[in-house]
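Taken in sequence, the protein lines are chains A and B.
Read in my numbering, the first sequence has 106 at position 106, and its numbers run on one by one without any break.
Numbers given in my numbering equal positions in the second sequence, counted from 1, plus 291.
The structure under discussion appears below in the form of structure tokens.
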Amino acid sequence: MSDTHKSRRVRSRIGRLGWVPIVWYALFLLGPLFLVFATSLASRGIYGGLEWNLSGENYLRSADPLFSLILWRSFLLAAVTAAFCFIIGFPMALAMATASATARNVFVFALAIPFLTNLMIRICAVKSLVAYEGPVAHFLLALGVEFDRFALSQNLSLVLYGMISSYLPFMVFPLYSALERFDFSLVEAAQDLGASYIQVMNRVILPSLRRAIVSGVLLVFIPAFGEFVIPDLLGGAKTMLIGNLISEQFLKARDWPFGSALSIVLMLILAGAIWWIRLFDRPMGRPRRPA
Amino acid sequence: MNERHRPRPPRSIAVVLPLMLIALYLPLAVMLISSFTDIQDGGSYFTLRWYHEVFADPALWEALSRSFLVASGAAAMSTLLGLLGALAIDKWSFRARVVLRTLSWLSLMLPELVLALALLSWFALFGLTLSLWTVIAAHITLTLPFVILIIGARLKGLDPAYDDAARDLGAREWQVLTRVTLPLLAPSIVTGFLLAFLISFDDFLVTFYTNGVGSDTLPVRLYSMMKQGMSPKIQALSSIMLIVSVVLIALLARLRGLKSLADAES
């Protein structure tokens, strides 16, 4: 066992108690995940039980154009959410990091509340806003705008709002954390040399945020891909997403093998996305491509 | 840290922050106001009626106590396991460090839905009846990586000289741990516990999959109520939960836990 770490860290026998969390993870993470993989190769028995017959039929089924469309739609929703979160989150993080020290703490707290507040509460709040008798409906009525009162409380823009407002802090926190430590004298230097603020952003600030942007995008994209509660409650479950589809296999159709296969496909796509996004996490001008 | 040199971005960029804060808080404000409003004969009146209804509902009280039970149990176990994990990452072997880091990274990156259904299949395979115990076990896995991150970050920042000094003065391993390391780690242990509690208390998806019949926690209850349509009672219940969360978050903020969370994520 080689410890290559350069610090003067002293090893201690206490560290060996690390077996306990490792065993926990083996029992309640790795075991279950392996079971999902095994189940994906089984098939559903006549009475809803499992038949362990090692076939790839569930994967063939998930390649059906109908399901590919659902996957594509989920991918698109996650990508659009991540893009919006970055476009909105970057100026937010920048404004936060350049505020005074007291204001910075207030902003972190103000963002932490919606971040750590239950999803159900936030959905309930959005639904209160657009309820049948809610303020938005009254406002539109007062303006004399024609609209469908039922469609108002369940539609795609609400889903998008729900997704963005839920995942925005995942983008803002890493960006803010990096900007907090950022040396802003570089910005002054660039401005003294005649750069406009847009140029400063593009050439000075953004390149130094690569790592934070990569983790922000991952933190938004990954959970957004498998999301099903927000579209379910705010979109009225009209558009099928991969999260709903998997969930239905487990809770309604009781076709666990197919649901497991879909989960494996979902994880493979996510692993691919993580690998691809991480390619951007390298210093400028020194590309580190696998040879 | 270089407080004076922070050139502000132009207003057109900075304005996004207040606008988004309004967009984030407006629905919450509307929900709070609606929960105190009674609409009768076209007029709106202040009322505590919906809160009375919430407090008079025994099913909600049971859900609330289950939520507390699950969150405290899971957070306690998760804090203990997370402490051992963080200590192992810091003080065991290189191999242990890699294994534990990979495992907690995996559980952080895993979509919650996949974790939920994997655990459901696992419990079914062993014929375990779904109950609050299965929920607690699931929540431990869910919250463990956050605890490891937070305690680990603090441990990494500790000067090894403390340990050396204690050892030079003749302390044994166990004494170094209980008299030196643990007191130094105390704030991060509390932060880890609070964060685990919050995550567990708020969790819907994993609970939805791993709880048994008649053992709904508050978020699960809220989901099934909302599925049937909105009502002021739901808004009152959500407002109560919102206030509980805000109190917990304020506690976290006092312990500087929010900053360590933001830093750990980047």
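Just so you know, even glycine gets a beta-carbon here, dropped at the ideal spot from N, CA and C.
- Boundaries of the beta strand (DSSP E) harbouring B:D329: T328 to Q331, taken from the DSSP string.
- Around the Cβ of A:G194, a 10 Å sphere holds fewer than 16 other Cβ atoms; the residue is exposed.
- Ranking B:W352, B:L375, B:A428 and B:T328 by CA distance to the CA of B:T498 puts B:A428 first.
- For A:V36, same chain residues with a beta-carbon under 8 Å away, outside a window of 5 residues either side, are S260, S263 and I264 in chain order.
- Considering only A:V20, A:L71 and A:W19, the residue with the shortest C-alpha distance to A:L266 is A:L71.
- B:A305 is not a Cβ neighbour of A:F109, given a cutoff of 7 Å.
- With respect to chain A, the C-beta atom of B:D493 has a partner C-beta closer than 7 Å.
- The DSSP assignment places complete alpha helix (DSSP H) segments of no fewer than 4 residues inside the region 73–132 of chain A at 101–116 and 119–129, in order along the chain.
- A:G243: not part of any beta strand (DSSP E); member of the alpha helix (DSSP H) spanning I242 to L251, first to last residue.
- Here B:P478 is not near B:L542, since their CB atoms are 7 Å or more apart.
- In the structure shown, B:R302 adopts helical secondary structure according to DSSP, grouped into three states.
- In this structure, the beta-carbon distance from B:L489 to B:L539 falls below 7 Å.
- One Cα belongs to B:S395, the other to A:L94, and the distance between them is close to 30 Å.
- For B:S335, the uninterrupted beta strand (DSSP E) segment begins and ends at G334 to F337.
- Against chain A, the CB of B:T432 has a partner CB under 7 Å away; the residue lies at that interface.
- Between the region 381–397 of chain B and the region 440–460 of chain B, the count of Cβ pairs shorter than 8 Å is three or higher; the stretches touch.
- Rounded to the nearest whole angstrom, the C-alpha separation of A:W24 and A:G18 is 10 Å.
- Secondary structure of A:S165 (DSSP, three-state): helix.
- Listed in chain order, the non-local C-beta contacts of A:P169 below 6 Å within the same chain comprise L111 and F115, local neighbours out to five positions each way being set aside.
- Under the three-state reduction of DSSP, A:R44 is assigned to strand.
- Chain order gives the chain A residues near B:Y514 as M120, V229 and L233, where near means a beta carbon separation below 8 Å.
- B:K524 and B:I330 have their C-alpha atoms some 13 Å from each other.
- Check the Cα spacing between A:S165 and each of B:P301, B:R297 and B:L312: the tightest is with B:L312.
- An exposed status is given to B:T420, since fewer than 16 other beta-carbon atoms sit within 10 Å of its beta-carbon.
- Residues of the region 495–507 of chain B with a C-beta atom less than 9 Å from some C-beta of chain A are F495, L496, F499 and Y500, listed in chain order.
- For B:P474, the number of other beta carbons within 10 angstroms of its own is below 16, and it is reported as exposed.
- The straight-line gap separating the alpha-carbon atoms of B:L411 and A:T102 is approximately 46 Å.
- For the pair B:S515 and B:T328, the Cα-to-Cα distance works out to about 23 Å.
- Judged by DSSP in its simplified three-state form, A:E180 adopts helix.
- Between B:E353 and B:G505, the alpha-carbon positions lie close to 10 Å from each other.
- For B:Q331, there are no neighbours in chain A by C-beta distance under 9 Å, as the nearest C-beta there is about 12 Å away.
- Contact note: A:A142 does not reach chain B at a C-beta cutoff of 9 Å; the least C-beta distance is about 14 Å.
- At the C-beta level, A:V159 and A:P231 come within 7 Å of one another.
- Using beta-carbon distances, A:L76 does not count as an interface residue toward chain B, since no partner is under 7 Å.
- With contacts defined as CB atoms closer than 7 Å, B:T432 and B:F414 fail to qualify as a contacting pair.
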